Amino acid sequence: MAASIEDVANAMFEIVKDGAGSKKYKPSDLTKMMVEKLETDKKTCKAAIKELVNSGRLVYTYFGGSFLEIPHKEGAAPD
Amino acid sequence: MADEKATPLLDELEKGPYPSFVREIKLAAKNNKMAAGVLHQLEKSYRDKIGYWKHGGIVGVMGYGGGVIGRYSALPDDFPEVAHFHTLRVNQPAGWFYTADVLRKICDMWDKHGSGLTNMHGSTGDMVLLGTRTEELESVFGELTKMGFDLGGSGSDVRTPSCCVGPARCEWACFDTLKTCYEITQHYQDELHRPAFPYKYKFKFAGCANDCVAAIARSDMSFIGTWKDDIQQDDEEIKNYAKAGLDIQSDVVENCPGKCMTWDPDNMKLTIDNSYCLKCMHCINVLPKALRPGKQRGVTILLGAKAPIVEGALLSSVLIPFYDIDNEGLDDLFELVEDGIWDVWTENGKNRERVGEFIQRVGMGNFLESIGLEPDPHMISHPRDNPYIFFDQEDEEEEA
């Protein structure tokens, strides 16, 4: 049975969470991993990313490229 | 004790005959503390020869990955007014047509929620609202949305598409740049707001080869208006130009890059060999009452330009020599872009590698093969160049 959007979103979230602080993932990195691991398609991955961002579980960040990360305090922001 | 509010170095930039951004910031600073903060931090930067802005990379509005560029002061204790100074890119209307009423509303909103400072417009084409705090971002976004505006692109996404004024104001437009720009903007909303590429991807639409939006030099995918048939010619008007003193031989014929014209001064007759015309627009620009683009109009679609940021500048190369975009629509192009170009580039491009750089790395022949586009001898880097496609002997034999 094909993985649902929710399954893919949860799997993506776990990868990003495990990598937090050591590795950053681009949306295309996560998509490639999901296509390989869950045998899902790019359209489902796109919907999963949208769900993760719209729900606030992940945020887009930009530091030398766009990445998906767990929301955290901006390092450059004043206290 | 030195006057902390004095800005002697910035004041120098008000002394020339040219418009001065310092003068404008000072005007804004009379009513806005953030604008005053910018002025004083900038004066310190000029004095110390150090930039005091820090890059922010997380701030944005809910659900979007682009449109907000985070900036913080590196000296928030000295300049608390600009401790946060985020920029918003706002998707401009196609061709930059506004009503005075909507501009007043935007400025009033920005005085209330931001520094009051704007850049009309950024180099990609967006309306740029300079300087606000993190907690104001959602309010600004909400008010913009109420006015019918949306944020533009930033980061590794489709950047805000932009076009020249096209048929709205220009008689040379060979296609409806405004309509095409609008339709592409609407179609790629997801790609515009949710960065999913190796790097930015810009669309620009120019109605003719005058290329008022510099599409050929600044956009990953350029749409430039052109025509297939003969230049429309009014011989009587050409005579009027000559009688008025225009040196047609020197100013028109000798400047033609295709050398496709001859001028008979005795009979005041300009002859154009249209088969050699490069559609550069030079003669039409010099003789606007006498010459016009042909009637069979469309676009040339090019790929791969970029301004110098990470690597050097690149100009576009021809991808589709002629496309009747006003009649054939965009569906085939969407398929080529999404299932061809973006698929291959996203799969194989390196982080921060523009599509033009990617093509340089893998080779245009390989790239065309991977996106499934048939090679065409009209695919050239410059007019009258040899095509960059190499046809295999085997293919030629098969064709024969």
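Residue numbers (numbering that gives the first Met the number 0), protein chains in the order written: chain C, 0 to 78; chain L, 0 to 399.
All residues carry an ideal CB built from backbone N, CA and C; glycine is no exception.
As the structure is a computational prediction, the values presented were derived from the model and not from experiment.
Buried or exposed (CB count within 10 angstroms, at least 16 for buried), residue i
i                            : result
histidine 39 of chain L      : buried
alanine 99 of chain L        : exposed
threonine 39 of chain C      : buried
valine 336 of chain L        : buried
valine 58 of chain C         : buried
phenylalanine 366 of chain L : buried
Other residues of its chain near residue i: CB distance less than 7 Å, five sequence neighbours each side excluded
i                            : result
methionine 0 of chain L      : Its pLDDT being 44, under 50, methionine 0 of chain L is placed unreliably in this model, and the value from its coordinates should be taken loosely. Closer than 7 Å at Cβ, skipping near neighbours: no residue.
histidine 71 of chain C      : none
phenylalanine 148 of chain L : Val89, Asn90
valine 58 of chain L         : Val67, Gly69, His85, Thr133, Leu136
phenylalanine 78 of chain L  : Gly36, His39, Gln40, Ser72
glycine 50 of chain L        : Ser44
Beta carbon proximity, residue i to chain L, threshold 8 Å
i                           : result
phenylalanine 62 of chain C : yes
glycine 18 of chain C       : no
glutamate 13 of chain C     : no
glutamate 73 of chain C     : yes
leucine 4 of chain C        : First, the amino acid is wrong: residue 4 of chain C is isoleucine here, not leucine. No, no contact with chain L.
valine 52 of chain C        : yes
tyrosine 24 of chain C      : no
glycine 7 of chain C        : Note that residue 7 of chain C is valine in the sequence shown, not glycine. No, no contact with chain L.
isoleucine 48 of chain C    : yes
valine 34 of chain C        : no
serine 21 of chain C        : no
alanine 76 of chain C       : yes
For residue i, the first and last residue of its enclosing beta strand (DSSP E)
i                       : result
glycine 433 of chain L  : Coverage of chain L is limited to positions 0 through 399, which leaves residue 433 of chain L absent and any answer about it impossible.
valine 127 of chain L   : 126 to 131
leucine 269 of chain L  : 268 to 271
glutamate 68 of chain C : 65 to 68
alanine 205 of chain L  : 202 to 205
valine 89 of chain L    : 86 to 89
histidine 54 of chain L : 52 to 55
glycine 297 of chain L  : 296 to 302
C-beta neighbour in chain C for residue i, strict 8 Å
i                         : result
valine 58 of chain L      : yes
arginine 193 of chain L   : yes
alanine 82 of chain L     : yes
glycine 371 of chain L    : no
methionine 146 of chain L : no
histidine 186 of chain L  : no
asparagine 273 of chain L : no
tyrosine 71 of chain L    : yes
glycine 362 of chain L    : no
asparagine 90 of chain L  : no
aspartate 156 of chain L  : yes
proline 307 of chain L    : no
Span of the alpha helix (DSSP H), counted from its first residue to its last, around residue i
i                        : result
glycine 113 of chain L   : Counting along the chain, glycine 113 of chain L falls outside any alpha helix (DSSP H), though it belongs to the beta strand (DSSP E) covering 113 to 119.
glutamate 142 of chain L : 136 to 145
threonine 60 of chain C  : Note, threonine 60 of chain C: premise wrong, no alpha helix (DSSP H); beta strand (DSSP E) at 58 to 61.
lysine 32 of chain L     : 32 to 47
methionine 33 of chain C : 26 to 36
valine 21 of chain L     : 20 to 28
serine 316 of chain L    : Unbroken run through serine 316 of chain L is the beta strand (DSSP E), 316 to 322; no alpha helix (DSSP H).
Proximity of residue i and residue j at Cβ, strictly below 8 Å
i                        : j                         : result
proline 287 of chain L   : cysteine 173 of chain L   : no
alanine 280 of chain L   : asparagine 209 of chain L : According to the sequence as given, residue 280 of chain L is methionine; it is not alanine. Result yes, Cβ atoms of methionine 280 of chain L and asparagine 209 of chain L sit closer than 8 Å.
histidine 85 of chain L  : threonine 159 of chain L  : no
valine 15 of chain C     : threonine 43 of chain C   : no
alanine 241 of chain L   : leucine 314 of chain L    : no
leucine 96 of chain C    : alanine 2 of chain C      : As displayed, chain C neither begins before 0 nor continues past 78, which places residue 96 of chain C out of reach and without an answer.
tyrosine 45 of chain L   : leucine 9 of chain L      : yes
aspartate 219 of chain L : glycine 303 of chain L    : yes
lysine 201 of chain L    : threonine 123 of chain L  : yes
glycine 121 of chain L   : cysteine 163 of chain L   : no
lysine 203 of chain L    : serine 161 of chain L     : yes
valine 317 of chain L    : methionine 378 of chain L : yes
glycine 74 of chain C    : lysine 25 of chain C      : no
alanine 205 of chain L   : proline 77 of chain C     : no
Proximity test, residue i beta-carbon vs the ligand GDP heavy atom, cut-off 7 Å
i                     : result
lysine 268 of chain L : Within the structure as shown, the ligand GDP is missing, as the structure has no ligands at all.
Cutoff 6 Å; reference residue i; Cβ partners in own chain excluding five residues on either side
i                         : result
proline 400 of chain L    : There is simply no residue 400 of chain L to check, as chain L begins at 0 and stops at 399 in what is shown.
arginine 56 of chain C    : Phe12
glutamine 231 of chain L  : Arg291
isoleucine 283 of chain L : Leu290
tryptophan 344 of chain L : Val354, Phe357
glycine 152 of chain L    : Gly65, Arg158, Thr159, Leu191
arginine 409 of chain L   : Here chain L has residues from 0 to 399 only, and residue 409 of chain L is not among them.
aspartate 250 of chain L  : Val285
Cβ shell of residue i (< 8 Å), same chain only, five flanking positions each side left out
i                        : result
lysine 258 of chain L    : Tyr275
tyrosine 61 of chain C   : none
glycine 154 of chain L   : Gly64, Gly65, Pro194, Lys199
histidine 186 of chain L : Leu329, Phe333
leucine 150 of chain L   : Val60, Tyr63, Gly65, Gly66, Val67, Leu87, Arg88, Val89, Asn90, Phe140, Leu143, His192
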